[in-house]
Each structure stands twice: as structure tokens, then as C-alpha cells.
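A short worksheet on the structure shown next.
Number of protein chains: 2
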Amino acid sequence: MISLSQSMGYAVLALAQMDPLGRELVLAADVAEAANIPKPYLAKVLARLQAAGIVSGKRGQGGGLRLTRPASAITLIEVADAIEGEGWRTACLLGIPGCSEGKPCPMHDYWGAARAEIAARLQSTTLDRVRDFTEAGWKMPETA
Amino acid sequence: MISLSQSMGYAVLALAQMDPLGRELVLAADVAEAANIPKPYLAKVLARLQAAGIVSGKRGQGGGLRLTRPASAITLIEVADAIEGEGWRTACLLGIPGCSEGKPCPMHDYWGAARAEIAARLQSTTLDRVRDFTEAGWKMPETA
DNA sequence: TTGATAGTTGACCCACGGGTGATCTTTTGC
DNA sequence: GCAAAAGATCACCCGTGGGTCAACTATCAA
Chain P
176 MISLSQSMGY
186 AVLALAQMDP
196 LGRELVLAAD
206 VAEAANIPKP
216 YLAKVLARLQ
226 AAGIVSGKRG
236 QGGGLRLTRP
246 ASAITLIEVA
256 DAIEGEGWRT
266 ACLLGIPGCS
276 EGKPCPMHDY
286 WGAARAEIAA
296 RLQSTTLDRV
306 RDFTEAGWKM
316 PETA
Chain V
176 MISLSQSMGY
186 AVLALAQMDP
196 LGRELVLAAD
206 VAEAANIPKP
216 YLAKVLARLQ
226 AAGIVSGKRG
236 QGGGLRLTRP
246 ASAITLIEVA
256 DAIEGEGWRT
266 ACLLGIPGCS
276 EGKPCPMHDY
286 WGAARAEIAA
296 RLQSTTLDRV
306 RDFTEAGWKM
316 PETA
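So the sequence lines, in the order shown, correspond to chains P and V. Each residue of the first sequence is one higher than the one before, starting from 176 at the first, in the working numbering. Each residue of the second sequence is one higher than the one before, starting from 176 at the first, in the working numbering.
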């Protein structure tokens, strides 16, 4: 399919709903409702984001979620690593197992360069940039 | 994962094993053995390639498989369409369902251009180009 | 201290890609 | 025609990603 997983999309939209300065706590339920993400599944995504140290949760009454760093200091490539796990950056375009420097597929060199450029783009895109889009009213479609 | 499916890889390697002029018949068993692809699964891949009109099979004794056109006239993007099905070319990079022209994600415009370039590359890469690599002894790894 | 709040964890389901084996059908050679 | 060859088709298994529910735990307020 040539794309990141749907969980990645959930993560990005969820993070964009949180306080960009990482000060105020927001409810997971509010995040789920605002971004139109299934609440139980959001919990799974949040677990991975917490394991990666991107968000932290405070439980109990008055609790909630917050970014551990300002949104301007969190890049999409960090989120991708947290959600997809390491290794998504080295996948062969043609899906050929065993494709490597030693045994390159016909697309290997081209794809290596193209992949690096995509990674650079994700690296230079921060969460507050994503907010510019979500604030305009981004929501998961009803028929997700 | 940002890659095409493993079936795509199988398809490419399998097609590269066939007669580039589309004249001589080759056995599916030989293709599977040469490219180190599981025979039963290869049958599934071949079915999709046949449905797309890329290869044709002749059964019975003395039968086999052949390309319907010369390898120089078959592009990787055709193979991708046959294996992945239509729609892989429009997938959102971030995996956000509902991402479209009307509701673009933060990567939408960039990804649209990058995707087009990838497609162009697949379009301009023909099967005989793939053969230059496989003839050097390309095989699926033993521990596939 | 009790109860409501809110995040965390685990078990469980379904769909799909990858993988395998058995069976069917067509074609040829004897 | 009969049997072997060889591709086509079907049913089934497994692991993973997406999705859901229920139980658990930490926290605060009354």
C-alpha cells in the first residue's frame, strides 16, 4: 500500500488534540471524541506513545494526558518510530525479503534515496505544524 | 511499513524467470524453484497476474507459463496494479482514513508529488531491466 | 474511608496477507 | 481411451493489525 499504518494516523490526530505546551491535561475521552477515534483503541496507541516518552498520563480524578515536550519539539518521525517500531525505514519498496546492499533489487538505490527524503520530511514536520491542519476542523470520517 | 506487499516481490522475481520474449513456456515448478518461492503461494500470485493479462498459462503435458508480451513492454506499475489492486496509489502517507483533496493531512501535498514520482519510476522500469539483476543470481533467502 | 474519576492492562474477536495441501481440469503421448 | 503431466482452484491454518470489552489501579474530594 505504500503508507504508514492507520495507528500512525490515529497517533498524529490524537497528539494534535493535546495542549501544545505540554502544561494542561486533557482527557483521553475528549481526545477520542474530538478526533473521532475509537476510545479503546486509542488507549493502545497511547500506550506506545508513552513507552516512547512522547506523552505521559496522570490518572485519577483531575488526571489526563499531556505532551512531555512542546509540540514544536516533537517530530513526526519520532511518532512513526514509536508506532511502527524500528525497521520501517529500511523496508524494500518491492517487498522483496532479503533485499539489501549486498543483494539489491532493481529499485534499491532509487528507493534508498527516496526513503531518506521522506524521512527528512517527517523529521522536519513538527506537531504544531499538524495542529494548523487539525484546528481547521480535522476529524476522522464517520464511517471510519 | 512504506512498501509494497511481499506478493509484489514474488511477482517480480517470478516474472523475471520467464522467457523475456514470451515465446517459450516455463514450468511453474521451475519458476518457484529458481526464485525460491513457495510453489502453492506462487499459484495465487500467478492467478492475479493472469487476471491482469500479464501472463498466460497452458496446462497439460508440455504446458507451462509465458508472458503475454515481451518483457521490455511490461512495467512494474502494471505488476503493482495487478497484485495490490487499484487504490494503492492514492493511500495517505500517515494512514489517515478520509484524507483527501478536500481534507488534506499535513503531508498530503508533499506525498502526492512524491507518490507520483515513485509511480513514474515504476512506470519506467520494465521487466527486462529486472532481469539484469536476477540473472546475477537473485534468489529469495533460505529463511524467507 | 469511601466513592467517583480516569488512565492502564489484559483478554478476546475479526479481517487480511502470507502460507500450505488436496483436489480438479485440461492436454498430450502412448 | 488411459494415464501422466501440469496448471487451476478450493479449503484451510497462522500471525498481525485493527477494534472492543471488562477488570484493575491510582488519585482526589467529600
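Glycine residues also receive a C-beta, built at the ideal position from the N, C-alpha and C atoms. Remember, predicted model here, so these are calculated numbers, not experimental data.
Practice task
For V/Leu196, count neighbouring Cβ atoms within 10 angstroms of its own Cβ and tell me buried if that reaches 16, exposed if not.
Solution key: Its Cβ having fewer than 16 others within 10 Å, V/Leu196 is exposed.
Exercise for the section: Give a yes or no on whether the C-beta atoms belonging to P/Trp263 and V/Met282 are separated by under 9 Å. Expected result: No. Outside cutoff.
Problem - is_contact[P/Gly287, chain V] using C-beta, thresh 9 Å - result: Contact with chain V is absent for P/Gly287, since none of that chain's Cβ atoms lies less than 9 Å from the residue's Cβ.
Problem - Proximity test, Cβ basis, 9 Å: V/Pro245 and chain P - result: Output row for V/Pro245: interface = no.
Problem - Minimum C-alpha distance to V/Ala207 - residue among V/Ala288, V/Val187, V/Gly228 - result: Of the listed residues, the one whose Cα sits closest to V/Ala207 is V/Val187.
Exercise for the section: Classify V/Ser231 as helix, strand or coil using the three-state DSSP reduction. Expected result: It is a strand residue.
Practice task
For P/Ser180, return the contacting residues in chain V, with the cut-off set at a CB-CB distance below 7 Å.
Solution key: Chain V residues near P/Ser180: Gly270.
Practice task
Just grab the DSSP bridge partners of V/Thr382 for me.
Solution key: Outside the shown range of chain V (176 to 319) lies residue 382 of chain V, about which nothing can therefore be said.
Handout entry: Sub-9 Å separation of V/Gly270 and P/Ser178 beta-carbons
Key = Contact check for V/Gly270 against P/Ser178 passes: the beta carbons are separated by less than 9 Å.
Practice task
Say whether chain P places a C-beta atom closer than 9 Å to the C-beta of V/Phe308.
Solution key: Interface annotation, V/Phe308: in contact with chain P, CB-CB separation under 9 Å.
Handout entry: For V/Leu190, the first and last residue of its enclosing alpha helix (DSSP H)
Key = Taken as a continuous stretch (DSSP letters only), the alpha helix (DSSP H) holding V/Leu190 covers 181-191.
Handout entry: P/Val305 vs P/Arg241 beta-carbon contact at 9 Å
Key = In this structure, P/Val305 keeps its C-beta atom at 9 Å or more from the C-beta atom of P/Arg241.
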